[in-house]
Amino acid sequence: MSQKNLSRRGFLRFLGGLFVGLFAIRWQKIHDMFSPKDTRPGLKEAKHYSRGNEMAG
Amino acid sequence: MLPIVECRLCHHRCRLNEGERGQCRVRINLDGKLYSLVYGKPCSVHIDPIEKKPLYHVLPASASFSLATAGCNLRCKFCQNWQISQSPAEETENIDLPPESVVREALNNQCRSIAYTYSDPVIFYEYMLDTAKLAKQNGLINIFRTAAFIEEEPLLELCPFIQTASVDLKGITEEYYEKMCAARLGPVLQAIKIMHRQGVWLELTNLIVPTWNDKEKDIGDLCRWINDNLGPDVPLHFSRFWPMHQLKSLPPTPEETLTRAREIGLAQGLHYVYVGNIPEHEGNNTYCPKDGKLLIRRVGYSVLENNIIDGRCKFCETNIPGLWT
Numbered sequence: 254m255s256q257k258n259l260s261r262r263g264f265l266r267f268l269g270g271l272f273v274g275l276f277a278i279r280w281q282k283i284h285d286m287f288s289p290k291d292t293r294p295g296l297k298e299a300k301h302y303s304r305g306n307e308m309a310g
Numbered sequence: 002m003l004p005i006v007e008c009r010l011c012h013h014r015c016r017l018n019e020g021e022r023g024q025c026r027v028r029i030n031l032d033g034k035l036y037s038l039v040y041g042k043p044c045s046v047h048i049d050p051i052e053k054k055p056l057y058h059v060l061p062a063s064a065s066f067s068l069a070t071a072g073c074n075l076r077c078k079f080c081q082n083w084q085i086s087q088s089p090a091e092e093t094e095n096i097d098l099p100p101e102s103v104v105r106e107a108l109n110n111q112c113r114s115i116a117y118t119y120s121d122p123v124i125f126y127e128y129m130l131d132t133a134k135l136a137k138q139n140g141l142i143n144i145f146r147t148a149a150f151i152e153e154e155p156l157l158e159l160c161p162f163i164q165t166a167s168v169d170l171k172g173i174t175e176e177y178y179e180k181m182c183a184a185r186l187g188p189v190l191q192a193i194k195i196m197h198r199q200g201v202w203l204e205l206t207n208l209i210v211p212t213w214n215d216k217e218k219d220i221g222d223l224c225r226w227i228n229d230n231l232g233p234d235v236p237l238h239f240s241r242f243w244p245m246h247q248l249k250s251l252p253p254t255p256e257e258t259l260t261r262a263r264e265i266g267l268a269q270g271l272h273y274v275y276v277g278n279i280p281e282h283e284g285n286n287t288y289c290p291k292d293g294k295l296l297i298r299r300v301g302y303s304v305l306e307n308n309i310i311d312g313r314c315k316f317c318e319t320n321i322p323g324l325w326t
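Heads up: the sequence lines are chains R and Z, in that order. If you count by this note's numbering, then the first sequence holds residues 254 to 310, one letter each, in order. If you count by this note's numbering, then the second sequence holds residues 2 to 326, one letter each, in order.
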């Protein structure tokens, strides 16, 4: 194979690798955009309240 | 039948049937017990310059780890954070950040304080209290950024753990608080006095809204109340209103109004009266109340010059109150 063909093949491989890498980054960002956020409530019993017949008035 | 619960965190004293939420939107009656829905689930987390709180007499030029959850117990028509304050937690993007993680992140990011802010931390009381205890153990300053619409008992429990509070004193009439904020002035004034008596370092902020609370009489009454009840050394920040939320039809506060408000405050005997949201205004700076020398020069949130040494004026050695180190 000629030197010119080897250089062209190497350059095409470099471009291919670059596109794959860029796509992987973009996919990760898209995935993060639509990943579910933390929708679980932060449940903790409150302080400073009263119940039922403990209430005045 | 499951019992009704009555929340006693703030003066709304919401009485809730099973499944009902309080006015703050983030406290709920479940199986006859009251729960917070936002413990460890902030929707806003930032590192801010401490001057943004605004706090001008606390650790100048330091970074503050700042956070908030959804919800609020007020309904201010001018709220600049309404997207989170007037929303339940289901409508905000929250992250999982328990108290120990807050402290760890603050320390890892070289922050010297944690600010409970943006919405109103009264409504995430339990989260704030637990975080503040850990923060204090780890040498961090706790900043309570609040409208101070909170009952005495929870406030007294909180005070030992908060070294400083940046408090919105939104107006000086009950009518203003009712119509603008759906709250009451009396409890706010009481809470401010409690914090002052408990030794919490206070800085007050008054947002001047054109046609609502911009009369010279109202500003004078507010300054007089501060001087009579707290003394001349409590800093007062007059802040500029920008059209927002339910008041988009109003113009921004004129610069002359803020300048005049500062003059009124100084004439009433207050030592430290500031103007916020106007870059290059002399009201951004701190001056010695005795010799008038420039102590701290600020542009925006940046400190360009600091002539306070060991809490004293460099020139005449007058004590300048605050938390300087």
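In this text, a Cβ means the ideal position worked out from N, Cα and C, and glycines have one as well. Computed from a prediction, not measured in an experiment: that's the story for all the values here.
Using a cut-off of 7 Å between C-beta atoms, extract the partners of residue i located in chain R.
i: P1 (chain Z); result: This structure leaves residue 1 (chain Z) out entirely; chain Z is present only between 2 and 326.
i: V161 (chain Z); result: It should be noted that the sequence gives Pro, not Val, for residue 161 (chain Z). Correct list: empty, because the minimum Cβ distance to chain R is about 15 Å.
Around the Cβ of residue i, are there at least 16 other Cβ atoms within 10 angstroms (buried) or fewer (exposed)?
i: N285 (chain Z); result: buried
i: N74 (chain Z); result: buried
i: N95 (chain Z); result: buried
i: Y145 (chain Z); result: Correcting the residue type first, residue 145 (chain Z) is Phe in the shown sequence and not Tyr. Counting Cβ neighbours within 10 Å, F145 (chain Z) comes out buried, since at least 16 surround it.
i: S37 (chain Z); result: buried
i: G305 (chain R); result: exposed
i: K171 (chain Z); result: buried
i: C317 (chain Z); result: exposed
i: N258 (chain R); result: exposed
i: Q111 (chain Z); result: exposed
i: S1 (chain Z); result: The structure shown does not extend to residue 1 (chain Z), since chain Z is modelled only from 2 to 326, so the question has no answer here.
i: K194 (chain Z); result: exposed
i: D32 (chain Z); result: exposed
i: K196 (chain Z); result: The question names Lys, yet the displayed sequence has Met at residue 196 (chain Z). Buried.
For a contact meaning CB atoms closer than 8 Å, what does residue i contact in chain R?
i: C8 (chain Z); result: A299, H301, Y302
i: P155 (chain Z); result: K300, H301
Given that residue i touches chain R, what residues does it touch there, using C-beta distances under 9 Å?
i: G33 (chain Z); result: R304, G305
i: E152 (chain Z); result: H301
Any beta-carbon of chain A closer than 7 Å to the one on residue i?
i: N82 (chain Z); result: Looking at the structure shown, chain A is missing, and the protein chains on hand are R and Z.
Going residue by residue through the region 29-62 of chain Z, where are the continuous beta strand (DSSP E) segments of at least 3 residues, counting only ones entirely within it? 34-37, 45-50
Can you give me, in chain order, the residues of the region 35-58 of chain Z that have a beta carbon less than 7 Å from any beta carbon in chain R? So the list reads L35, Y36, S37, L38, V39, Y40, G41, K42, given in the order they occur along the chain.
Note down, in chain order, all residues in the region 68-99 of chain Z with a beta-carbon under 7 Å from any beta-carbon belonging to chain R. If the cut-off is 7 Å between Cβ atoms, the region 68-99 of chain Z has A90, E94, N95, I96, D97 near chain R.
Listed from N- to C-terminal order along the chain, which residues in the region 296-307 of chain R have their beta-carbon within a distance smaller than 9 Å of any beta-carbon of chain Z? L296, K297, E298, A299, K300, H301, Y302, S303, R304, G305, N306, E307
Scan the region 105-131 of chain Z for residues whose Cβ lies nearer than 8 Å to a Cβ of chain R and list them as they occur along the chain. So the close ones are Y126, E127, Y128, L130.
Ignoring anything shorter than 4 residues or poking outside the region 222-261 of chain Z, list the alpha helix (DSSP H) runs there in chain order. none
What are the residues of the region 270-283 of chain Z that lie near chain R, defined by any Cβ-Cβ distance shorter than 7 Å? The region 270-283 of chain Z vs chain R, Cβ under 7 Å: nothing.
Does the contact criterion of 3 or more C-beta pairs under 8 Å hold for the region 288-307 of chain Z versus the region 212-219 of chain Z? no
Pick out the complete alpha helix (DSSP H) segments inside the region 64-128 of chain Z, 4 residues or longer, and give them in chain order. Uninterrupted alpha helix (DSSP H) stretches at least 4 residues long and entirely within the region 64-128 of chain Z occur at 83-86, 100-109, given in chain order.
Which residues, in order along the region 14-27 of chain Z, keep a beta-carbon less than 8 Å from a beta-carbon of chain R? R16
Inter-stretch contact at 8 Å, needing at least 3 Cβ pairs: the region 111-118 of chain Z / the region 177-196 of chain Z: no
Below 8 Å, how does it come out for the region 277-294 of chain Z and the region 77-85 of chain Z: are there three or more Cβ pairs, yes or no? no
At what residue ranges does the region 141-200 of chain Z contain a whole run of the alpha helix (DSSP H), taking only runs of 4 or more? 153-159, 186-198
Tell me, please, whether the region 238-257 of chain Z touches the region 266-278 of chain Z by the rule of three or more beta-carbon pairs shorter than 8 Å. yes
Is the region 45-62 of chain Z touching the region 220-228 of chain Z in the sense that three or more CB pairs, one from each, lie closer than 8 Å? Contact fails between the region 220-228 of chain Z and the region 45-62 of chain Z, because fewer than three Cβ pairs, one in each stretch, are under 8 Å apart.
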